[in-house]
Every structure is written in structure tokens, then in C-alpha cells.
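Peer 1: As given, the protein sequences belong to chains D and H, one line each in that order. Start counting the first sequence at 1; every next residue gets the next number (the working numbering). Start counting the second sequence at 114; every next residue gets the next number (the working numbering).
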Amino acid sequence: DAKTTQPTSMDCAEGRAANLPCNHSTISGNEYVYWYRQIHSQGPQYIIHGLKNNETNEMASLIITEDRKSSTLILPHATLRDTAVYYCIVRVAQNNAGNMLTFGGGTRLMVKP
Amino acid sequence: EAQVTQNPRYLITVTGKKLTVTCSQNMNHEYMSWYRQDPGLGLRQIYYSMNVEVTDKGDVPEGYKVSRKEKRNFPLILESPSPNQTSLYFCASSRYRWADGELFFGEGSRLTVL
């Protein structure tokens, strides 16, 4: 699975959009981009995933660049409860060589009042 | 409510005293997995299971055993715990046989081995 690079930390004002970038320049054509978050030692929580097209659900939007070398997770109206570590993960589907999610360091997002 | 349930949530034990951390999911999921989380090392997979009676090692399996006798349960066994197994443990499950789509995580079990 391709390696990802994320900023260590970011701040966002409550009510504003939080835009979390992820670089995955070595991504291959069959690798999906996943986003998870972990709120203070709780179990990680799935947010969204995509392959090529932009995706949106009730939690967030995922914007993937046309060359797929980077992506951005957007929380449209951040709240204090969105303060967490956000993980960007790249993974080949049905990968018997590594049947796991590989969590890197993630981005620590602090939402401030 | 769809959930992954781990027990115990907190445990302090002593070196060498066998313990089991239970994990149960109520979603009829195929895939189950155990991770440990340590400061500076992130989340690392210990073992996983793609189906009943099918288990395989993750990145850090030493010192652990697992079993998958029923689809819903995936206990983590520490036969002879040591202090380096002090960690925060998470169980996870997925509807697929792979760690694809949405992976559901339990609330975590914080284990301290003295």
C-alpha cells in the first residue's frame, strides 16, 4: 500500500470548514483513499473513502485530485466534537498481502471556539 | 445497535498471569482483527481473521494467540503477559473478508502488565 504524508497538526475555528490534506504521490491505480479519525483514545471511526471520484456523506467530503497524488478531507462546519486525530490511509482492495489498515501519524485537528 | 464490544475495558495484571480480552460483534461480519496502540508507534495489527476457523498473523503477533470458533467472537489471549504488552487494544470488524469498506472498531481495552 502507498505511503501517505499528512501535516502533524492543524487548527480550525468552530463553524468553519476544516480542510485536511493528504499526499499520496506513489498511489497506484487500484488503491483506495480512506479517512478515519480517532477521538482521544476511543476506537478509530470510519469517515469516508474513495477511488477516483469525489465523495460526500453525512460526515464529510473527500476531494481527490485528478492525478490522484493527493486528497483533501473537508469537514464543512467543524464543531468542538470534531477535535481528533485524522488518518489518511491508502489501501488496495482485497489485499491478501496485507489484510489490515496501516495507520500513520495522522493530523491532530484542534477545533477552537 | 451495530457495535463491537470489548471486555474488559481496563485491566491491571501481573507478569505471567494468563488473560483473555473478549471481542464480540453483532453485525455478522466476516473480518475481525486486533490492533494495539502505543505512543509513538501508532496502531499496529496483531492478528486477523477472514472467517470462522481462519486466522492469520499481523505485524506484531508475538506473545498473543487468537481463535475464531464462532463468527461473532474473536478473543485475544495473552498466555504469559509481560510488561511490554502494556498497551491500548482495539478489536475491529468488517462485513467483507478484507479490511475494506468501513471498519468498525470497539471502544478499546487498556491493559497494564506489572
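Quick reminder that beta carbons are idealized off the backbone N, C-alpha and C, glycines included.
1) Hey, is D:Q94's beta-carbon within less than 9 Å of any beta-carbon in chain H?
2) Hey, could you find the ends of the beta strand (DSSP E) H:S195 is sitting in?
3) Given a limit of 9 Å on CB to CB distance, which residues of the segment 120 to 152 of chain H reach chain D?
4) Check D:R81 in the structure and name its three-state DSSP category.
5) Against chain H, does D:R108 count as a neighbour if the rule is that its beta carbon must be under 9 Å from one of theirs?
6) Mapping the DSSP letters down to three states, classify D:K3 as helix, strand or coil.
7) Flag this pair as yes or no: are the beta carbons of H:E143 and H:R208 separated by less than 9 Å?
8) For the beta strand (DSSP E) that contains D:K112, what are its first and last residues?
9) How should D:Q94 be labelled, buried or exposed, when 16 other C-beta atoms within 10 angstroms of its C-beta is the threshold for buried?
10) At the 9 Å Cβ level, is D:M100 part of the contact set with chain H, yes or no?
11) Mind listing the chain D neighbours of H:Q116? Cutoff is C-beta to C-beta under 7 Å, in chain order.
12) Does the structure place the segment 99 to 106 of chain D close enough to the segment 117 to 128 of chain H that three or more beta carbon pairs sit under 8 Å?
13) What separation, rounded to the nearest whole angstrom, lies between the Cα atoms of H:P152 and D:L51?
14) Based on Cα-Cα distance, which residue from H:Q158, H:T126 and H:S162 lies nearest to H:V173?
15) Going by DSSP, what residue range makes up the beta strand (DSSP E) through D:E31?
16) With a cut-off of 8 Å on the beta carbons, I'd call D:Y34 and D:R108 a contact; round off their distance for me.
17) According to the neighbour-count rule (16 or more other Cβ atoms, all chains shown, within 10 Å of its Cβ), is D:Y44 buried or exposed?
18) For H:G221, go through chain D and note every residue whose CB falls closer than 7 Å to its CB, in chain order.
19) Measuring only the C-alpha atoms, how far is D:I47 from D:I39?
20) Helix, strand or coil for D:I64, going by three-state DSSP, please let me know.
21) Decide if the segment 130 to 142 of chain H is in contact with the segment 186 to 194 of chain H; the criterion is three or more beta carbon pairs, one per stretch, under 8 Å apart.
22) Please list the partners that D:G50 has in chain H, where partner means a Cβ-to-Cβ separation under 8 Å.
23) To the nearest angstrom, how far is it from the Cα of H:M163 to the Cα of D:S41?
Peer 2: From the atom records:
1) yes
2) Careful: H:S195 lies outside any beta strand (DSSP E) and carries neither H nor E.
3) Y144, S146, Y148 and Q150
4) helix
5) no
6) coil
7) yes
8) T107 to K112
9) exposed
10) yes
11) None at all; the shortest Cβ gap to chain D is about 10 Å.
12) no
13) 31 Å
14) H:Q158
15) E31 to Q38
16) Wrong, their Cβ atoms sit about 18 Å apart, outside the cutoff.
17) One point to set straight first is that residue 44 of chain D is Pro, not Tyr, in the sequence displayed. The residue in question, D:P44, is buried, as its Cβ has 16 or more Cβ neighbours within 10 Å.
18) S41, Q42 and G43
19) 12 Å
20) strand
21) yes
22) Within chain H, no residue comes near D:G50; the closest Cβ sits about 12 Å away, beyond 8 Å.
23) 26 Å
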